[in-house]
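Asker: Our numbering puts the sequence shown at residues 1038 to 1190.
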Amino acid sequence: MFVAQQNPDARPDLAALMVPLGRSLIRAELPLLEAHGLSMWAYAVLTALKDNEASSQASLASSIGADRTRIIAVLDDLQDRKLINRQPDPTDRRSNLLSLTAGGRKTVTAVQKAIRENERRILAGVSPADRVVFFRVLSHLAGLDDSEIGPSR
């Protein structure tokens, strides 16, 4: 394991640290999602709608990084299971507005609770102060635009 204080220049690249961690976290979340009958894409949709009610299909797809034509099957399934509503946009009949149903809100809340419990277990060896800093830095990095991450020219 790398210790930052030893030699900052000898540390692994950010991607070398984050990609394996991200893959492990996704693998850890999959059984929690499956226990609630959700795919990763379905969870991404429900989570996005929890924070942004009445989203259009196009804006939702963009916000979760999905192709808007490929996400239709996920939306159909969620609608069939009464987890989301799809209604025509009154200002643009070619567009649908998406929102969570009460069942969708209950499902996403339950899944997030299970994920948070696992995260608490994972972070148990990290001091509360370090957790605050970790989440602040992670939130900052996650909020960067691609142009801010790419090499400067």
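Every residue gets a Cβ at the ideal spot worked out from N, C-alpha and C, and that includes glycine.
Of the choices Tyr1080, Ser1099, Asp1183, Ala1139, whose alpha-carbon is the least far from that of Val1111?
Answerer: Here residue 1111 refers to the residue found at position 74 when the sequence shown is read from its first residue. The residue with the shortest Cα to Cα distance from Val1111 is Tyr1080.
Asker: Taking Leu1058 as part of the alpha helix (DSSP H), name the residues at either end of that continuous run.
Answerer: In the sequence shown, the residue the question calls residue 1058 occupies position 21. That run of the alpha helix (DSSP H) goes 1051-1072.
Asker: With a CB to CB cut of under 7 Å and the five nearest residues on each side skipped, what residues in its chain are close to Ser1136?
Answerer: Taking the sequence shown and counting its residues from 1, the one referred to as residue 1136 is at position 99. Cβ neighbours of Ser1136 beyond the five flanking positions: Leu1086, Glu1090, Ala1091, Ile1121, Asn1122.
Asker: Can you tell me whether Leu1181 is helix, strand or coil according to DSSP?
Answerer: Within the sequence shown, residue 1181 is the residue found at index 144, counting from 1. Leu1181: coil per DSSP, three-state reduction.
Asker: Is the CB-CB distance between Leu1069 and Ile1152 below 8 Å?
Answerer: Within the sequence shown, numbered from 1, the residue matching residue 1069 stands at position 32. Within the sequence shown, numbered from 1, the residue matching residue 1152 stands at position 115. Their beta carbons are under 8 Å apart, which means Leu1069 touches Ile1152 by this criterion.
Asker: In terms of alpha-carbon separation, which member of Ser1100, Asp1183, Ala1095 lies closest to Ile1109?
Answerer: Numbered from 1 along the sequence shown, position 72 holds the residue referred to as residue 1109. Ile1109 has its Cα closest to that of Ala1095, out of Ser1100, Asp1183, Ala1095.
Asker: Taking a contact to mean a Cβ-Cβ separation below 8 Å, would you say Gly1141 touches Leu1067 in this structure?
Answerer: The residue you call residue 1141 lines up with position 104 of the sequence shown. The residue you call residue 1067 lines up with position 30 of the sequence shown. No, the Cβ-Cβ distance between Gly1141 and Leu1067 is not below 8 Å.
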